[in-house]
Amino acid sequence: MSLRRILTVDTDMAVLKQKSAPVAEVDDAVRVLMDDMLETMYAAPGIGLAAIQVGVPKRVIVMDLAPKDEPPAPRYFVNPEILWASEETKPWEEGCLSVPDIYDDVERPAHVRLRYLDYHGKLIEEDADDLYAVCIQHEMDHLNGVLFIDHLSRLKRDRAVKQVKKAAKADA
Ligand code: NI
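Taking my numbering, I'd label the letters of the sequence shown as residues 31 to 202.
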C-alpha cells in the first residue's frame, strides 16, 4: 500500500470538478487503488475519500465510520448509485479533506437506499441513515465533480476557497 497525495481546492479545483467514470470490473488494480485510498484516508485522518481526491477519475469510494475507540471497519464502494432518497432532509455539519479546515451545515436527504459493488465485486443493496447517509452522499457528489461547499451560498463557497488558499500560502 502507498500513500497518495490528496488534492485540494486551492491548487487542484479543475481535477476535483471532473466527473468520474464507472469501473468496468473490480480487479486487482482497483483493489490496489482502494487499499491506497484507505491508507491515505486513515493517515489524513478522514472518514471518507473518493478516488478523484487522489486524482483518479473513477467511481470508487472508501469509508470508515467506526468510532475512534472501536476496531476499524473499512467500507468500499465501486459504481455506487442512489436508488431512493427520502423527502425528509436533515442538516449535518460537513468537512472535506479537499477543503481543509472548513466546516459547514449541508442539508441532504436523511435516508437513502444505495447499490454498489464491494471490494470483491459483489453487488450490495442497503439502506443508509445518519452519518452513513451523509457520508455516502458527500462522497458520491465527488464522483460528479461536486464539493460540499457547492451546496452553500456563493459567498460562503468563495470565502471557503479563499481561506484554503490563504492557509496553503501561510504553510508554504
Ligand atoms: Ni469530501
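Cβ coordinates follow ideal geometry from the N, Cα and C atoms, glycine included. From a predicted model like this one, the values you see are computed outputs, not experimental measurements.
1) Verify the contact flag: Leu127, CB atom, against every heavy atom of the ligand NI, threshold strictly below 7 Å.
2) Pick from Thr70, Val176 and Asp40: whose alpha carbon is nearest that of Lys49?
3) Using a 10 Å radius around the Cβ and a threshold of 16 neighbouring Cβ atoms, would you call Asn174 buried or exposed?
4) According to DSSP, is Tyr72 helix, strand or coil?
5) Does any CB atom of chain B fall closer than 8 Å to the CB of Glu100?
6) Name, in chain order, the residues that DSSP records as bridge partners for His141.
7) By Cβ distance below 8 Å, which residues in the same chain neighbour Glu69 in space, the five residues on each side in sequence not counted?
In short, the structure shows the following:
1) If you number the sequence shown from 1, residue 127 lands on position 97. Residue side-chain check: Leu127 places its Cβ nearer than 7 Å to a non-hydrogen atom of the ligand NI.
2) The residue you call residue 49 lines up with position 19 of the sequence shown. Closest option to Lys49, Cα to Cα, is Val176.
3) Here residue 174 is taken as the residue at index 144 of the sequence shown, counted from 1. Result: exposed.
4) Sequence index remark: in the sequence shown, residue 72 carries index 42 (1-based). Helix at Tyr72.
5) Given the protein chain composition of this structure (a single chain), no chain B is represented.
6) Walking along the sequence shown from the start, residue 141 turns up at place 111. The partner list for His141 (beta bridge, DSSP) reads Asp159.
7) Taking the first residue of the sequence shown as 1, we reach residue 69 at position 39. Answer for Glu69: Met31, Ser32 and Leu33, listed in chain order.
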